[in-house]
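In what follows, a single structure is set out as structure tokens and then discussed.
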């Protein structure tokens, strides 16, 4: 939390002082210190983030109503920063993992399905090695824009790590899942390199699955990841589903 707060702006000096006081309290608490370290180094997980938030809220209550109102802005700011990947503006890993669980449960309730797409840029390391990391970052930013535009307001797009992304498509069946995945793959195949100002074609591999009722989040993602591996192993620039592989075009 401390590193996120130091990058924030627009909060009163009193709120800053109050937050710093709470920060010192958390640093003096061994469990809070351990959890904060985990959040900073790995991104944490939903349960640990919730525990740390409760720690902060308890300390805020001890400081009175006026301080609580001011620091509520700080808490909201931290949540917003934690939910977003700073480079692409897409949702972060922690947020996406919580959304998989929530969306899958919601789809169960309404008798529909959640599609989960794991997406990886093919041969991305040579882009960074040949043209530099700023060029690689441009490609990631353009891909993020393609994902947002393709999934629309109902879908959720996030950066899973490095050049790997994840997309959630609610109210899906196999046809809708394939439709969205192919649209993403073909848009990248056609536009990604040009819009990122790179000379060589850039392609994606995608693994896609429909969540099974009651399936744990980690297993949903693991199944999608296995389909992604299948797409990579069988030639890249394609979508792999449980019973079908679809190419995005001839390189």
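Residue numbers (this note's numbering): 70 to 320. All C-beta atoms in this analysis are idealised placements derived from N, C-alpha and C, irrespective of residue type, glycine included. Quick caveat: nothing in here was measured; it's all calculated off a predicted structure.
Buried versus exposed call for residue 161 [16 or more other C-beta atoms within 10 Å across all chains shown]: Residue numbering aside, residue 161 sits at position 92 when the chain shown is read from its first letter. By the 10 Å Cβ count, residue 161 comes out buried.
query: Helix, strand or coil: which one does DSSP assign to residue 176?
result: Here residue 176 is taken as the residue at index 107 of the chain shown, counted from 1. Helix.
query: Is the Cβ-Cβ distance between residue 198 and residue 305 less than 8 Å?
result: By one-based count along the chain shown, residue 198 stands at place 129. By one-based count along the chain shown, residue 305 stands at place 236. No, these two residues do not count as a Cβ contact at 8 Å.
query: Is the Cβ-Cβ distance between residue 11 and residue 307 less than 8 Å?
result: Outside the displayed span of the chain (70 to 320) sits residue 11, for which this structure offers no information.
- request: With a threshold of 16 other CB atoms inside 10 Å of the CB of residue 182, please say whether the residue is buried or exposed.
  value: Here residue 182 refers to the residue found at position 113 when the chain shown is read from its first residue. It is buried - the Cβ of residue 182 has at least 16 other Cβ atoms within 10 Å.
field: Reduced DSSP category for residue 186 - H, G, I as helix; E, B as strand; rest coil
entry: On the chain shown, position 117 is the one that residue 186 refers to. Residue 186: strand per DSSP, three-state reduction.
- request: Identify, in the order they occur along the chain, each residue of the same chain with its Cβ nearer than 6 Å to the Cβ of residue 241, setting aside the five sequence neighbours on each side.
  value: For this step, residue 241 is matched to residue 172 along the chain shown. These residues qualify, in order along the chain: 182 and 184.
field: Under the three-state DSSP convention, the category residue 297 falls into
entry: The sequence position of residue 297 within the chain shown is 228, counting from 1. In the structure shown, residue 297 sits in a helix (DSSP, three-state: H, G or I).
query: Going along the chain, which residues of its own chain have a beta-carbon closer than 7 Å to the beta-carbon of residue 255, five neighbours each way excluded?
result: On the chain shown, position 186 is the one that residue 255 refers to. 317 and 318.
- prompt: Which of helix, strand or coil does DSSP assign to residue 224?
  reply: Position 155 of the chain shown holds residue 224. Correct three-state label for residue 224: coil.
query: By Cβ distance below 6 Å, which residues in the same chain neighbour residue 250 in space, the five residues on each side in sequence not counted?
result: As a first step, residue 250 must be located in the chain shown, where it is residue number 181. Answer for residue 250: 186, 275, 277 and 308, listed in chain order.
- request: From the DSSP output, read off the bridge partner residues of residue 235.
  value: The residue you call residue 235 lines up with position 166 of the chain shown. DSSP output for residue 235 lists 187 and 227 as bridge partner(s).
query: Using a Cβ-Cβ cut-off of 6 Å (strictly less than) and excluding sequence neighbours within five positions of residue 193, which residues of its own chain qualify?
result: Here residue 193 corresponds to residue number 124 of the chain shown, with the count starting at 1. Excluding residues within five positions, the ones whose Cβ falls inside 6 Å are 232.
message: According to DSSP, simplified to helix, strand and coil, what is residue 265?
response: Sequence index remark: in the chain shown, residue 265 carries index 196 (1-based). Note: residue 265 maps to coil in three-state DSSP.
message: Between the alpha carbons of residue 81 and residue 156, how many angstroms are there, rounded?
response: Position 12 of the chain shown holds residue 81. Position 87 of the chain shown holds residue 156. Legend: pLDDT at residue 81 = 49, less than 50; position of this residue unreliable, no value from coordinates given.
task: Could you round the C-beta distance between residue 211 and residue 273 to whole angstroms and report it? I think they count as a contact, below 8 Å.
output: Numbered from 1 along the chain shown, position 142 holds the residue referred to as residue 211. Numbered from 1 along the chain shown, position 204 holds the residue referred to as residue 273. That belief does not hold up - the Cβ atoms of residue 211 and residue 273 are roughly 12 Å apart, past 8 Å.
query: According to DSSP, is residue 309 helix, strand or coil?
result: As a first step, residue 309 must be located in the chain shown, where it is residue number 240. Strand.
task: List the endpoints of the continuous alpha helix (DSSP H) containing residue 250.
output: Taking the first residue of the chain shown as position 1, residue 250 is located at position 181. Taken as a continuous stretch (DSSP letters only), the alpha helix (DSSP H) holding residue 250 covers 243-256.
message: Among the candidates 285, 164, 154 and 195, whose CA atom is the shortest distance from the CA of residue 270?
response: Taking the chain shown and counting its residues from 1, one reaches residue 270 at position 201. That would be 195, whose Cα lies nearest to the Cα of residue 270.
message: By the three-class DSSP mapping on this structure, what secondary structure does residue 211 have?
response: Here residue 211 is taken as the residue at index 142 of the chain shown, counted from 1. Helix.
task: Taking residue 238 as the reference, give the member of 203, 154, 165 and 152 with the closest Cα.
output: Along the chain shown, read from residue 1 onward, the residue named residue 238 stands at position 169. When only C-alpha atoms are compared, the closest one is 165.
query: Just how far apart, CA to CA, sit residue 258 and residue 302?
result: In the chain shown, residue 258 corresponds to position 189, counting from 1. In the chain shown, residue 302 corresponds to position 233, counting from 1. Using only the alpha carbons, I get a separation of about 18 Å.
query: Based on Cα-Cα distance, which residue from 206, 226 and 205 lies nearest to residue 215?
result: Numbered from 1 along the chain shown, position 146 holds the residue referred to as residue 215. Checking every option, the nearest Cα to that of residue 215 belongs to 226.
- prompt: What does a CB cutoff of less than 7 Å around residue 230 pick up in its chain, not counting 5 residues either side in sequence?
  reply: For this step, residue 230 is matched to residue 161 along the chain shown. Excluding residues within five positions, the ones whose Cβ falls inside 7 Å are 162.
- prompt: Taking the DSSP output, what are the residues bridged to residue 292?
  reply: In the chain shown, the residue the question calls residue 292 occupies position 223. According to DSSP, residue 292 bridges with nothing at all.
task: Specify the secondary structure class of residue 276 as computed by DSSP and reduced to three states.
output: The residue labelled residue 276 in the question sits at position 207 within the chain shown. Residue 276: strand per DSSP, three-state reduction.
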